[in-house]
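Numbering (this note's numbering), first residue to last: 127 to 276.
The following block contains the structure:
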């Protein structure tokens, strides 16, 4: 039996940073377990693409520009949410946590949940759609205390 068998993890996420904490309730405190950074999500579209849009000529007088089918920045953000989901599943497989609290802005929350498998989703006890990555650990503990124990 693992010592983490009853562990509750708190995942705090935005489009370029993820922090995973272990939550203790007596006393109510957080311990940072890991941090995952994705600096590519901060880059501008022009920095993510190698070339300018191409041009083509159709008929004698018609031309246009090729446009990208997807926003390069959105692709990076989606890749990051997939990376976080994979990390959570790997940790679930080794029984590193039993309960998961997810706190992320609505858009990232949606992307993350698209990539989480059903086994990880079953461990989610609270899903809070807020961007709180800028909070200090004591502020974060207070935020969770207010939102989870209400």
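Virtual Cβ for every residue (Gly too), placed ideally from N, Cα, C.
Query - DSSP state of residue 220 mapped onto helix, strand, coil - result: coil
Query raised in the report: With burial defined as no fewer than 16 other Cβ atoms inside 10 Å of the residue's Cβ, what is the status of residue 202: buried or exposed?
Result: buried
Requested in this report: Within the stretch 127 to 155, note down every full beta strand (DSSP E) run reaching 3 residues or more, in order along the chain.
Outcome: 134 to 139, 143 to 151
Requested in this report: Taking 8 Å as the threshold, find out whether the stretch 215 to 235 comes into contact with the stretch 132 to 146 through three or more Cβ pairs.
Outcome: yes
Query - Residue of 132, 156, 141, 274 minimising C-alpha distance to residue 264 - result: 156
Report task. Identify the continuous beta strand (DSSP E) that holds residue 242 and give its terminal residues. Result -> No beta strand (DSSP E) holds residue 242; DSSP gives it neither H nor E.
Query raised in the report: Hey, quick one: how far does the beta strand (DSSP E) through residue 270 stretch, first residue to last?
Result: Premise fails: residue 270 lies in the alpha helix (DSSP H), 263 to 274, not in any beta strand (DSSP E).
**Report entry** Residue from 200, 207, 153, 150 with nearest C-alpha to residue 143
**Finding:** 207
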